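What follows is one structure encoded as structure tokens, with my remarks underneath.
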Amino acid sequence: MTRRILSLWLPLWRTDLWHRRHPDTCTSSGLVLHYHDGRRLTVLAADATAQARGVRPGMSLAHARALAPDLHATDGTPDADRLALTRLTEWFLWLSPIVAPDGEDGVWVDTAGCAHLHGGEAPMMAEIRRRIQSLGYTCRLAFADTPGAASALARFARVPCTIISPGTQRQALAALPVQALRLAPPETDALLRLGFRTVGALYDTPRAPLARRLGGTVLARLDQVLGLLPEPVQPIRPIEAIRERRSFVEPIATAGALATVIAVLVRAICETLEGRGEGARLVDLLCERVDGTVQAIRIGTASPVADPVHLSRLLDERIPIIEPGFGIEAMTLVVTRAEIRGAAVPTGELVGQDDVPQGRSNISCLLDRLQNRLGPGRVSIMEPAASHLPEFSQTRCPASGEKGTISADRACSWPRPVRLLNPPEPVDVTIAGPEEPPTSFRWRGVHSVIRAADGPERLHEEWWRSADPYGVVRDYWIVEDNAGERYWIFCRAPLAEVPPAPPDWFLHGLF
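The numbers in UniProt numbering rise by one with no breaks, and the one at position 220 of the sequence shown is 220.
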């Protein structure tokens, strides 16, 4: 599973946040937030209008007012801003189980194994940008193999959304300024004094003299952005989340050992869920490797679940995607989302060979397994719709809860084919008389003799629909040929007020 990091940078984080808190305040002259650094009032943040007038974070408030006397200046709230960033980072848990703050104005998201659930990296990025902008924030995004590369591209790339292919961060970072390495100001100033302007200028520079003059931090940051040195992303977890953690004396790496630990963790969280009367809807398993990185797998359920057997099975099916590397030294199981269970879900013995927990239907367990394999939103069920016409009698909807079966009172008493043709295909039919069943038909160049027929079943088009190209009234027949194949054919039924015409026949389904 290739590691891919999404970095979200909020360049106007504090001022955008202020505008959200004070939506009715006019700041057409520019907004700055300031704080007292012990000697003077210093600009903490400036919005786009103030920056266009030359105001920059870090300068004194007196200097900013000299550049723009009519600035709207207010006290900054660094502690409240950090809390808001933490809450925004937790909001990203819908996207991936591994999210972490990136400095004071960014978010890292480890999307390994998650991008395909949203249609790929480009659609995922577009959806995130749309949601963030709808919240009122300005954002820039980048996809890369390492946290440092993603952070650098989000802040210094020429376009607001950047996606680089795996293994190409060396070329993508070469033209970026040395400030992209996230160094302290003294180290950045030292590099600039030595003539280094871009990250690429450091690639072929002898490392020993550079480390002797600037220390090892510069080379460590360079190796981290290039992927030569691991840079762990420590995920955050909501305070109220149910979690269990186990650390090991010796690292583990085998599937059997992982399954054993999963069973222990699941049993512990299910006991907590039972005590609360809740069930898990979203569960994350975080595997902490010896190199400091975290491997994560996520499962979801169609309804609240507190059964350890079912949850263990869902997690065990995801073990093959875990890459333990040199070993896993700790594992944490977190219930990211839990809901109140409407009815008790016992955790007793299994029923039959399908390992279906008591209290849960076969269809509910099947939906959970399919959705965890294919991704949320990829599994649908057909629900009855208010229409007599076959092509409109069912509608597709996401699979959730205990749905998945059509109730008997809403099911049609007439048999329906397993496969419908869209659109119906014309056929040449031979009939003995106007009210007689067809005796033979030709479809796709093949002539078939009908040995049995059942019908007709007359269906009327709803008055609120537009004119049906296949007739306002249809007469359906179930026919069987000499080979035993069954077909669903229909003809346009003539209306009494219209002069009769030769009917047109169509093949609509196969049994």
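Beta carbons: idealized from backbone N, C-alpha and C, even for Gly.
Keep in mind it's a predicted model, so treat the numbers as computed, not measured.
Nearest residue (CA-CA) to residue i, options the options
i: G275; options: L214, I319, R341, A253; result: R341
i: W488; options: P434, E436, W414, E435; result: W414
i: L67; options: A46, G195, T205; result: A46
i: E485; options: L510, E462, R492, R237; result: L510
i: S440; options: I478, L12, V294, G106; result: I478
i: I242; options: P147, I450, C270, I319; result: C270
i: E462; options: L366, R474, L83; result: R474
i: G455; options: R14, E435, C365; result: E435
i: L135; options: R442, P23, E231, T2; result: P23
i: L176; options: P308, R492, R155; result: R155
i: L222; options: P232, W505, V264, R207; result: R207
i: Q371; options: M331, F490, H116, R182; result: H116
i: P97; options: L214, I299, P123; result: I299
Element boundaries [beta strand (DSSP E), containing residue i]
i: G148; result: From DSSP, G148 is part of no beta strand (DSSP E) but of the alpha helix (DSSP H) over 147-156.
i: H118; result: Counting along the chain, H118 falls outside any beta strand (DSSP E), and DSSP gives it neither H nor E.
i: W505; result: 505-510
i: P424; result: 419-431
i: L229; result: It is not in any beta strand (DSSP E) - L229 carries neither H nor E in the DSSP assignment.
i: I163; result: 161-163
i: V379; result: Careful: V379 lies outside any beta strand (DSSP E) and carries neither H nor E.
i: V55; result: Looking at the DSSP string, V55 is not in any beta strand (DSSP E), and its letter there is neither H nor E.
Beta carbon proximity, residue i to chain B, threshold 7 Å
i: F156; result: The structure shown contains no chain B; it holds only a single protein chain.
DSSP-derived helix/strand/coil call for residue i
i: A343; result: Residue confidence for A343 is low, a pLDDT of 48 falling below 50, so the modelled location carries little weight; the figure read from the coordinates is stated next. Looking at A343 - three-state DSSP - the assignment turns out to be coil, as it is neither helix nor strand.
i: S387; result: coil
i: D102; result: coil
i: N482; result: coil
i: A408; result: Unreliable placement is indicated for A408, whose pLDDT of 38 sits below 50; no coordinate value is reported for it.
i: D81; result: helix
i: T395; result: strand
i: C365; result: helix
i: D475; result: strand
i: A201; result: helix
i: W488; result: strand
i: R65; result: helix
i: T217; result: helix
i: T111; result: coil
i: A174; result: coil
i: T168; result: coil
i: G401; result: For G401, the pLDDT reaches just 47, beneath the cut-off of 50, and the residue's location in the model is therefore unreliable, although a value from the coordinates is still provided. DSSP places G401 in coil when its eight states are reduced to three.
i: L10; result: coil
i: I319; result: helix
Residue i: first and last residue of the uninterrupted alpha helix (DSSP H) it sits in
i: R130; result: 121-134
i: S312; result: 308-316
i: C270; result: 255-276
i: D454; result: Counting along the chain, D454 falls outside any alpha helix (DSSP H), though it belongs to the beta strand (DSSP E) covering 446-460.
i: Q295; result: Looking at the DSSP string, Q295 is not in any alpha helix (DSSP H); the run it does join, the beta strand (DSSP E), is 294-305.
i: D16; result: 13-21
i: E187; result: 185-193
i: A52; result: 48-52
Straight-line gap, residue i to residue j (C-alpha atoms, nearest Å)
i: G216; j: V225; result: 15 Å
i: residue 577; j: S393; result: Given that the chain is displayed from residue 1 to residue 511, the structure contains no residue 577 and the question cannot be resolved.
i: L219; j: Q179; result: 14 Å
i: R313; j: L333; result: 14 Å
i: H34; j: V199; result: 32 Å
i: R373; j: H310; result: 15 Å
i: L459; j: R416; result: 13 Å
i: P101; j: T86; result: 7 Å
i: L6; j: E457; result: 57 Å
i: R281; j: G120; result: 24 Å
i: D79; j: E104; result: 11 Å
i: H447; j: V379; result: 39 Å
i: T25; j: H19; result: 8 Å
i: T89; j: R53; result: 31 Å
i: V266; j: V335; result: 10 Å
i: P186; j: R212; result: 15 Å
i: A150; j: Q171; result: 13 Å
i: A112; j: N422; result: 38 Å
i: E278; j: P437; result: 59 Å
i: T146; j: R4; result: 7 Å
i: E391; j: A483; result: 27 Å
i: L153; j: L173; result: 7 Å
i: A190; j: A201; result: 14 Å
i: A306; j: L273; result: 6 Å
i: V345; j: I363; result: Per-residue confidence for V345 stands at a pLDDT of 40, beneath the threshold of 50, marking its modelled position as unreliable; the derived number appears in the next sentence. Spanning the two alpha carbons is a distance of roughly 15 Å.
i: F490; j: S387; result: 17 Å
i: L315; j: A263; result: 9 Å
| task | Could you tell me whether the stretch 130-137 touches the stretch 26-41, where touching means 3 or more Cβ pairs closer than 8 Å? | result | No: the two stretches stay apart, fewer than three of their Cβ pairs being nearer than 8 Å.
| Taking three-plus beta-carbon pairs below 8 Å as touching, is the stretch 285-296 in contact with the stretch 310-330? | yes
| the stretch 161-170 / the stretch 133-152 touching (three or more Cβ pairs under 8 Å) | yes
| field | Sufficient close CB pairs (3 or more, under 8 Å) joining the stretch 252-263 to the stretch 189-196 | value | Between the stretch 252-263 and the stretch 189-196 there are fewer than three C-beta pairs closer than 8 Å, too few to call the two in contact.
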